[in-house]
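One structure is given below, encoded as structure tokens.
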Amino acid sequence: MTGAERGLLVLPGRGAYVATSLGTLDPAHPWVVEADARRRAAGLATLSELDGAATFEPRRHFQPIHAAPLTWIAALLDAERAATDHHVACVVGNGLGWLTALAASAALDFGDGFAAVQELARLQQAPLPSGGHGGQVIYPLVDGEWHPDPALRTIADAAITGDAGAASDRAGVVHLSADLIGYTTFGGDDAGVERLLRQLPPLRAGGRRYPLRVALQGPDHTPLAGHVAAALRDNLASIAWARPQVTIIDGRGRRWTPWSTDPAALRDYTLGEWLSTPYRFDTAMRVALREEAPDRLILTGPGTALAAVCGQALVAEGYQGIRSRQDFERRQRTDPLVLSMGS
Amino acid sequence: MTFDRVPIVESALDATLAALRDPDRLLPHGAPMTPGSTLSATAAVEDQVLSRALDVAARELKKTNRSFYTIGSAGHEDNAVIGAQLRLSDPAFLHYRSGAFMMARARQLPGSTPAFDTLLGIVASAEDPTSGGRHKVWGSRAMWVPPQTSTIASHLPKATGTAFSLGRARRMGVSAELPADAIVVASFGDASANHATALAGINTARYAARLGLPCPILFVCEDNGTGISVPTPAGWIVDTFGALPHLAYVRAAGELDEVWAATASAIGHVRRTRQPAFLHLATIRLWGHAGSDAELAYRTPNEIAAVEARDPLLKNARRLVALGAATPAELIAIVRDTRDRVMRAAEEAAQRPRLTTTAEVVAPLAPHRPAAVAARLRTTPPVDRTGLFDGQLPESLRAPTARTLAGCINAALADELARRPELLLFGEDVGRKGGVYNVTNGLQRRFGAARVFDTLLDETSILGIAQGAAHLGLLPMPEIQYLAYLHNALDQLRGEAASLQFFSNGQFRNPMVVRVAGLAYQKGFGGHFHNDNSVGALRDIPGIVVAAPSRGDDAARMLRGAVAIALEEGRVVIFLEPIALYHEKDLYADGDGGWLTSYPAPPDALVPGEVGVHHPEASDLLIVSYANGLRLSLQAARRLRDEHGVAARVIDLRWLAPLPVEALRAHAAEVGRVLVVDECRATGGGIADAVIADLVEHASIHGPMSSVRAVDSFVPLGTATSAVLVGTDQIVTAAMASVTSTTGLRA
Chain A
27 MTGAERGLLV LPGRGAYVAT SLGTLDPAHP WVVEADARRR AAGLATLSEL DGAATFEPRR
87 HFQPIHAAPL TWIAALLDAE RAATDHHVAC VVGNGLGWLT ALAASAALDF GDGFAAVQEL
147 ARLQQAPLPS GGHGGQVIYP LVDGEWHPDP ALRTIADAAI TGDAGAASDR AGVVHLSADL
207 IGYTTFGGDD AGVERLLRQL PPLRAGGRRY PLRVALQGPD HTPLAGHVAA ALRDNLASIA
267 WARPQVTIID GRGRRWTPWS TDPAALRDYT LGEWLSTPYR FDTAMRVALR EEAPDRLILT
327 GPGTALAAVC GQALVAEGYQ GIRSRQDFER RQRTDPLVLS MGS
Chain B
2 MTFDRVPIVE SALDATLAAL RDPDRLLPHG APMTPGSTLS ATAAVEDQVL SRALDVAARE
62 LKKTNRSFYT IGSAGHEDNA VIGAQLRLSD PAFLHYRSGA FMMARARQLP GSTPAFDTLL
122 GIVASAEDPT SGGRHKVWGS RAMWVPPQTS TIASHLPKAT GTAFSLGRAR RMGVSAELPA
182 DAIVVASFGD ASANHATALA GINTARYAAR LGLPCPILFV CEDNGTGISV PTPAGWIVDT
242 FGALPHLAYV RAAGELDEVW AATASAIGHV RRTRQPAFLH LATIRLWGHA GSDAELAYRT
302 PNEIAAVEAR DPLLKNARRL VALGAATPAE LIAIVRDTRD RVMRAAEEAA QRPRLTTTAE
362 VVAPLAPHRP AAVAARLRTT PPVDRTGLFD GQLPESLRAP TARTLAGCIN AALADELARR
422 PELLLFGEDV GRKGGVYNVT NGLQRRFGAA RVFDTLLDET SILGIAQGAA HLGLLPMPEI
482 QYLAYLHNAL DQLRGEAASL QFFSNGQFRN PMVVRVAGLA YQKGFGGHFH NDNSVGALRD
542 IPGIVVAAPS RGDDAARMLR GAVAIALEEG RVVIFLEPIA LYHEKDLYAD GDGGWLTSYP
602 APPDALVPGE VGVHHPEASD LLIVSYANGL RLSLQAARRL RDEHGVAARV IDLRWLAPLP
662 VEALRAHAAE VGRVLVVDEC RATGGGIADA VIADLVEHAS IHGPMSSVRA VDSFVPLGTA
722 TSAVLVGTDQ IVTAAMASVT STTGLRA
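Quick note, the sequences are listed as chains A and B, same order. For what it's worth, the working numbering labels the leading residue of the first sequence as 27, then goes sequentially. For what it's worth, the working numbering labels the leading residue of the second sequence as 2, then goes sequentially.
Following this line, the structure appears as structure tokens:
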């Protein structure tokens, strides 16, 4: 056994850049400079401008074209810092965090990584082929101690088929989008999202009301995003894929190591399944904890919302004896297992 | 030479990697190691290094008594190339040195956690996803690896049975998740290749091939040249299996890419031809048989070092670098990272909970779901039965054409075959002949040779076919022609079939109803081998159900109960049919027809716990018996009444395992005097022992308890049988002794 602690780097998804994240980018950092130049050339507000805004404007900042690259670059900058302070043995990302993981592990270089996130965000601005933008809805799956609540799971499963409420309601299209351990995320077209909001029994958890529609988020990681994946395959045909320099774990829980990764297979997954099938963050975390045995979880910014999800992953696994929210919070007070870098 | 060779071998790997020079040219990332192949060499090496690290972790944890299993895969890591080339939909029955195979197979299943799962098995944690902490076995539901301990090659007959049943199951609409070109793999060592079960499995596959029946199985003999301390004679495996008709032999040895190519060829042959192949994989064994094996007791230090020098990890590292598939630095990084994560994961696994209570341990052994069984019996869809029985339903027949035991079983089998399309009936002479005693007469004609068929003459293979068919979702009903023949194959029930739910924590099951013609009293015919009266060996198997009908109507109803229990509880049910009663018509006197019964139509059924009660109003004495003993007891009861004025109630146990103890205790408490009539051997650990012990421990019996039993002997030929078996005189004498005794009676 080597002496160095094994760090698991956890990268958040697109909704992570929030009001408190303003001002986190260093405008002079070469990556920020390059990103700003590219966005300027494309006629878009620069990331420095967005990050330097006096106030957070949800209608603006949550637009995919802004939120995605902001989140991506903020997380990537944290990942760079994390790598200097820790032995990062493995990287997982949630949703868009997968694209950050590709860049953080050098499977994509900065330029190609930025091109990928920017192109993805551009495509996500457009309406769905079937009309409307669709959306995502979050619903909890655990109780106050972060233990699975079977009744909530039953409701969530039934929501896909339209049987979650008192009466069947099959309006629109709904798919599972992501499994976030303590929460499930549905993606649907506009009618499907409306139906979920109508049909899922309202409840309050962690100070928030559910079902919760995620602001300006489309039905990513569902078949409704298949056209985005197809367009990305065409539009990103020229970017260069390499083996990652650290093990990364994807949204199916597959480990991609620095030694055996076939870059073509990595490309095929990213520009295919990643966008059009559910992102199993729960599985990714489970694989990371069990197969990589991290001593510490390092959660990059922006934001800190994923810290609770990391805690729920630890509870789900009983990792290092953490079997409840109380266990997790106690551990965090004494010898934190999850280090949050974001704000 | 130090005793602990683990650090020596680990250091040798480090030193070899450190000494390797960078290749002159590097293959592109993701390119196969050799042109035209699909070999991802670094993936294979990752799997091999991971398997090795798990072996090391098991021994490290053992030092602090936190692991319980140190039989490793070290030296066998080239089996990763087999795991990599087979599909998750190719059922795999693996032996215990299959670590690298499993790591490679898990690579095909995103989200799997093979390293941690293995560690949970090693530390016997209740979270072990394979056995739930009951044994360290290679297995996975998602990866189609049914677990077994595999120590004596007893998994080969069922592997062959699975291959034999693949096409049949598919045609019958069962196991549809397996593709049409799926094949089965079974691995074992060179020493294990000598086991009778290994030879039976291989022989049966060849036999099927000779008949032109598909039996797509890849036998993998991982030849490390040693069975614990005994060397396998040089060339023994190729001498024995290298030139057998109906078995393609492929040698896999040498460099990683050569092993890959040979394996690809063997798998391709089986997949293409649907015929068996024998892949002879060269391996070595590092670190002894297990952690407790002191290799120095039987090998010289030089011999040990010579084997270590042939470590496949060293061989493969050199080859990868020579062909430009990896740099030494990359291989060093793989080894470092793998060791690091495995040792930390081992510490985590060792903290995970273990099984603590009896209830936890036995939960999957004998699931008891009476409500589901009852529902299954009620809801089975009816079929149009008139066509089955040539226009006249068996229940409509009445004396003098009422049915014998054999007739009722025959009709019940027809009913079950008709209403359960997944049911198979097979064994020696079961098909065309209709059974030695005509019990299966006409069934092949009515239900076809795909469902009712003759097998080769080997009980081990018959039970292997049953297990394989059951693994695929069929409901096998194999027939063992005589109870005495079952003992030859008993471990197929004990070590394999009955243990599957236990070792897989209920994830795999092989429900079956094994019809066994047995017990004695064939009027002087046959001697021991056709009159065996030993049931102790069956009752000793944990979780098994043993049914022993005596009358035709009971047999039909019990058969339905047995089928429902097999299906709902996944149990192995022995249906022990008393041969001597198959065609018996009379009870008290020639021509009285007292042993003929009408046929109870479906869904009428009996389940364990339900006893037969004769003369319920009688209360001078309770006679407890079963099978032939029941008929003798009823005859004795008649004599007791007529000759002595004694009223004896007679209980038919019907079920020998589990015993119907609740009913038994109630009747015994009510009557007070108990006589057990046991046609099996006095020292056989038999029914009388169990019944009396239970009543002593659990019932308030105030009267005497006694028994009559068969003598502790093999059953002789001819009239001498009566000298060892229980007869009515003996029962009457014992009964009179009981009713005249004052032992234990309150004043």
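From the three backbone atoms N, C-alpha and C, an ideal C-beta is built for every residue, glycine too.
* Asked: Just curious, the alpha helix (DSSP H) that S52/B is in, first and last residue?
  -> Counting from one through the second sequence, the residue named residue 52/B turns up at place 51. Taken as a continuous stretch (DSSP letters only), the alpha helix (DSSP H) holding S52/B covers 42-64.
* How about F102/B: is its C-beta nearer than 8 angstroms to some C-beta of chain A? -> Locating residue 102/B in the second sequence gives position 101, where the first residue counts as 1. Cβ-Cβ to chain A under 8 angstroms: no for F102/B.
* Give a yes or no on whether the minimum CB-CB distance between E361/B and chain A is below 8 angstroms. => Indexing the second sequence from 1 puts residue 361/B at position 360. Not one chain A Cβ lies under 8 angstroms of E361/B.
* What did DSSP end up calling G613/B once you bin it into helix, strand or coil? -> One-based indexing of the second sequence puts residue 613/B at position 612. Three-state DSSP puts G613/B in a strand.
* Determine, using beta carbons only, whether G337/A and G368/A come nearer to each other than 8 angstroms. => For the purposes of this step, residue 337/A is taken as residue 311 along the first sequence, with counting starting at 1. For the purposes of this step, residue 368/A is taken as residue 342 along the first sequence, with counting starting at 1. No, these two residues do not count as a Cβ contact at 8 angstroms.
* To do: Over the uninterrupted beta strand (DSSP E) stretch that includes D455/B, give me the two end residues.
  => Taking the second sequence and counting its residues from 1, the one referred to as residue 455/B is at position 454. Boundaries of the beta strand (DSSP E) harbouring D455/B: 453-455, taken from the DSSP string.
* Please decide whether Q149/B counts as near chain A, where near means a Cβ-Cβ distance under 8 angstroms. => As a first step, residue 149/B must be located in the second sequence, where it is residue number 148. Taking Cβ atoms only, chain A never reaches closer than 8 angstroms to Q149/B, which makes this a no.
* Report all residues from its chain with a CB closer than 6 angstroms to the CB of T43/B; omit the five preceding and five following residues, and keep chain order. => Sequence index remark: in the second sequence, residue 43/B carries index 42 (1-based). The residues are A327.
* **Any 3 or more C-beta pairs closer than 8 angstroms across the stretch 520-535 of chain B and the stretch 712-723 of chain B** => yes
* Closer than 8 angstroms, CB to CB, is E497/B near chain A or not? -> Here residue 497/B refers to the residue found at position 496 when the second sequence is read from its first residue. No, its Cβ sits nowhere closer than 8 angstroms to a Cβ of chain A.
* Compute the Euclidean distance between the alpha carbons of I738/B and D643/B, then round it to the nearest angstrom. => Counting from one through the second sequence, the residue named residue 738/B turns up at place 737. Counting from one through the second sequence, the residue named residue 643/B turns up at place 642. Here residue 738/B turns out to be Ala, not Ile, going by the sequence shown. Between A738/B and D643/B, the C-alpha separation is close to 17 angstroms.
* Pair every Cβ in the stretch 644-661 of chain B with every Cβ in the stretch 539-552 of chain B, then say whether three or more of these pairs are closer than 8 angstroms. => yes
* Asked: What's the call for R394/A, buried or exposed, on a 16-neighbour Cβ count within 10 Å?
  -> Nothing about residue 394/A can be reported from this structure: the residues present for chain A run from 27 to 369 only.
* For R345/B versus A319/A, is the C-beta distance shorter than 8 angstroms? -> If you number the second sequence from 1, residue 345/B lands on position 344. If you number the first sequence from 1, residue 319/A lands on position 293. Cβ atoms of R345/B and A319/A: closer than 8 angstroms.
* **Simplified DSSP state of T598/B, which is helix, strand or coil** => On the second sequence, position 597 is the one that residue 598/B refers to. Three-state result, T598/B: strand.
* Are N489/B and T456/B touching if we call contact CB-CB under 8 angstroms? -> Taking the first residue of the second sequence as position 1, residue 489/B is located at position 488. Taking the first residue of the second sequence as position 1, residue 456/B is located at position 455. No, they are not a contact pair.
* Just confirm the distance between the C-beta atoms of R386/B and D416/B, as a whole number of angstroms; I'd bet it's less than 8 angstroms. => One-based indexing of the second sequence puts residue 386/B at position 385. One-based indexing of the second sequence puts residue 416/B at position 415. Yes, they are in contact, since the Cβ atoms of R386/B and D416/B sit about 7 angstroms apart, within 8 angstroms.
* To do: Please check if any C-beta of chain A sits within less than 8 angstroms of the C-beta of A334/B.
  => For the purposes of this step, residue 334/B is identified with residue 333 of the second sequence, where counting begins at 1. Yes, its Cβ sits closer than 8 angstroms to a Cβ of chain A.
* To do: From the DSSP output, in three-state form, read off Y165/A for me.
  => Locating residue 165/A in the first sequence gives position 139, counting from the first residue. Y165/A: strand per DSSP, three-state reduction.
* Under 7 angstroms from the C-beta of P289/A: neighbouring residues of chain B -> Residue mapping note: residue 289/A aligns to position 263 of the first sequence, counting from 1. Neighbours of P289/A in chain B, taken as residues at a C-beta separation under 7 angstroms, are given in chain order as H30, G31.
* To do: For G432/B, I'd like the list of residues in its chain whose CB is within less than 7 angstroms of its CB, leaving aside the five on either flank, ordered along the chain.
  => Locating residue 432/B in the second sequence gives position 431, where the first residue counts as 1. Contacts found: Q445, A450, V453, F454, D455.
* To do: Kindly say whether V313/A, judged by its beta-carbon, lies nearer than 8 angstroms to any beta-carbon of chain B.
  => Here the question's residue 313/A lines up with position 287 in the first sequence. By this cut-off, V313/A is an interface position.
* Asked: Going by the beta-carbon positions, is the gap between G728/B and D541/B smaller than 8 angstroms?
  -> Taking the second sequence and counting its residues from 1, one reaches residue 728/B at position 727. Taking the second sequence and counting its residues from 1, one reaches residue 541/B at position 540. Taking 8 angstroms as the Cβ cut-off, G728/B and D541/B do not qualify as a contacting pair.
* Asked: What is the rounded straight-line gap between the Cα of R86/A and the Cα of L96/A?
  -> Your numbering for residue 86/A matches position 60 in the first sequence. Your numbering for residue 96/A matches position 70 in the first sequence. So the alpha carbons of these two residues sit roughly 12 angstroms apart.
* Which ranges does the alpha helix (DSSP H) cover as unbroken runs of at least 4 residues, wholly within the stretch 58-138 of chain B, from first to last along the chain? -> 81-86, 100-107, 115-123
* Asked: To which residues of the same chain is L28/B closer than 6 angstroms at the C-beta, ignoring the five residues directly before and after it?
  -> The sequence position of residue 28/B within the second sequence is 27, counting from 1. Counting only Cβ-Cβ distances below 6 angstroms, and skipping sequence neighbours, we find G325, A326.
* For P604/B, which of helix, strand or coil comes out of DSSP? -> As a first step, residue 604/B must be located in the second sequence, where it is residue number 603. The answer is coil: DSSP assigns P604/B none of H, G, I, E or B.
* In terms of alpha-carbon separation, which member of I229/B, G140/B, T17/B lies closest to D294/B? -> Taking the second sequence and counting its residues from 1, one reaches residue 294/B at position 293. Measuring from the Cα of D294/B, the nearest candidate turns out to be I229/B.
* Asked: Would you report the Cα separation of H645/B and L726/B, rounded to the nearest angstrom?
  -> Looking up residue 645/B in the second sequence gives position 644. Looking up residue 726/B in the second sequence gives position 725. H645/B and L726/B: Cα-Cα distance of roughly 24 angstroms.
* Can you find a C-beta in chain A that's less than 8 angstroms from the C-beta of A345/B? -> As a working mapping, residue 345/B is identified with position 344 in the second sequence. Before going further, note that residue 345/B is Arg rather than Ala in the sequence given. Contacts with chain A at 8 angstroms (Cβ-Cβ) include R345/B.
* Asked: Residue ranges of each beta strand (DSSP E) run of no fewer than 3 residues wholly in the stretch 135-194 of chain A, ordered along the chain?
  -> If we require 3 residues or more, the beta strand (DSSP E) runs fully inside the stretch 135-194 of chain A come out as 161-166.
* To do: Output the residue ranges of the alpha helix (DSSP H) runs that lie fully inside the stretch 221-308 of chain A and measure 4 residues or longer, sorted by chain position.
  => 252-261, 289-296, 299-302
* **Residues within the stretch 349-382 of chain B neighbouring chain A, beta-carbon criterion of under 8 angstroms** => E349, Q352, R353
* Decide if R1/B is buried, meaning its Cβ has at least 16 other Cβ atoms within 10 Å, or exposed. => What the structure shows of chain B is the stretch from 2 to 748, and residue 1/B is not part of that stretch, so it cannot be assessed.
* **Ranges of the beta strand (DSSP E) found wholly within the stretch 230-288 of chain B, counting only runs of at least 3** => 249-253, 278-283, all fully within the stretch 230-288 of chain B.
* Output yes if chain A places a C-beta closer than 8 angstroms to the C-beta of A327/B; else output no. => In the second sequence, residue 327/B corresponds to position 326, counting from 1. By this cut-off, A327/B is an interface position.
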